[in-house]
Amino acid sequence: AEVGRIDPKHWPVAGLRVLDRQPVGARLLHEQDWGGMIEECCRPARLAFLDDRFELFGREAILEYIDTLQGGPAWDALRDRQGIELVWVKPDRGLAKRLLADSGWAVLHRDEVSVLFRRQGDRPSALAWEAVGKPAAGR
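Below you can see the structure in the form of structure tokens.
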């Protein structure tokens, strides 16, 4: 990979293009190491849920986040408390496997680096359904 360039083999570049087409106000849960990329690269700008500065979030929040990524019981409480509408994680995460089996979530994008889900059902007005193959403007 070139210095100063995001390597699409290790970073979710294709998923970022799909994320950019989702409403900015939709609450996003994502991999912590993607937080800086989200805040730097998303157009329009989007706030990260979490980034790699774990020390700022506190022990309990981090333990809840880890259990959530594993698809554990903390996910239900976090989802409802935070109003999570989009989930963007690595495909091998327990949460990704759980959401693939949950009819309340639709896959917007999936490749070997990431999978992006959109919450369905009781929150349809908050999100615009975007075709996965539609190219993002400016990318």
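In this text, residue positions in the sequence shown follow our numbering: the first is 13, and each later residue adds one. The beta carbon of each residue, even a glycine, is placed where N, CA and C say it ideally should be.
1) Measuring CB to CB, does Leu120 end up less than 8 Å from Val25?
2) With a threshold of 16 other CB atoms inside 10 Å of the CB of Ala89, please say whether the residue is buried or exposed.
3) State the start and end residues of the unbroken beta strand (DSSP E) segment that holds Val30.
4) Note down the Cα distance separating Gly84 from Cys53, rounded to an integer number of angstroms.
5) Taking the straight line between their C-alpha atoms, what separation do you get for Arg131 and Leu98?
6) According to the Cβ coordinates, are Ala60 and Glu76 closer than 8 Å?
7) From Arg17, Gly70, Arg91, pick the residue whose C-alpha is nearest to that of Gly4; which is it?
8) For Pro103, which residues from the same chain have a beta carbon less than 6 Å from its beta carbon, with the 5 sequence-adjacent residues on both sides left out?
9) Which term fits Val36, buried or exposed, when burial requires 16 or more other beta carbons within 10 angstroms of its beta carbon?
10) Once DSSP output is grouped into helix, strand and coil, what is the label at Ala73?
11) Output the boundary residues of the beta strand (DSSP E) element that contains Ala118.
12) To test your reading of the DSSP string, which unbroken alpha helix (DSSP H) runs of 4 or more residues are found completely within the stretch 28-57?
13) Give the secondary structure of Ile96 by DSSP, where H, G and I count as helix, E and B as strand, and everything else as coil.
14) Considering Arg110, what are the terminal residues of the alpha helix (DSSP H) in which it resides?
With the given structure in hand:
1) Indexing the sequence shown from 1 puts residue 120 at position 108. Indexing the sequence shown from 1 puts residue 25 at position 13. No. Outside cutoff.
2) Residue numbering aside, residue 89 sits at position 77 when the sequence shown is read from its first letter. By the 10 Å Cβ count, Ala89 comes out exposed.
3) Walking along the sequence shown from the start, residue 30 turns up at place 18. Taken as a continuous stretch (DSSP letters only), Val30 belongs to no beta strand (DSSP E), being part of the alpha helix (DSSP H) at 25-31.
4) Here the question's residue 84 lines up with position 72 in the sequence shown. Here the question's residue 53 lines up with position 41 in the sequence shown. Computed Cα separation, rounded: 30 Å.
5) As a working mapping, residue 131 is identified with position 119 in the sequence shown. As a working mapping, residue 98 is identified with position 86 in the sequence shown. Cα to Cα, the separation comes out at about 6 Å.
6) Here residue 60 corresponds to residue number 48 of the sequence shown, with the count starting at 1. Here residue 76 corresponds to residue number 64 of the sequence shown, with the count starting at 1. Cβ atoms of Ala60 and Glu76: not closer than 8 Å.
7) With the chain represented from 13 up to 151, any question about residue 4 goes unanswered, as that position is not in the structure.
8) Sequence index remark: in the sequence shown, residue 103 carries index 91 (1-based). Val127.
9) The residue you call residue 36 lines up with position 24 of the sequence shown. Looking at its Cβ environment, which holds fewer than 16 other Cβ atoms inside 10 Å, Val36 is exposed.
10) Looking up residue 73 in the sequence shown gives position 61. In this structure, Ala73 counts as helix in the three-state DSSP scheme.
11) Position 106 of the sequence shown, counting from 1, holds the residue named residue 118. Counting along the chain, the beta strand (DSSP E) containing Ala118 begins and ends at 117-122.
12) 47-53
13) Against the sequence shown, residue 96 aligns to sequence position 84. In the structure shown, Ile96 sits in a strand (DSSP, three-state: E or B).
14) Numbered from its first residue, the sequence shown carries residue 110 at position 98. Segment 106-112, the alpha helix (DSSP H) holding Arg110.
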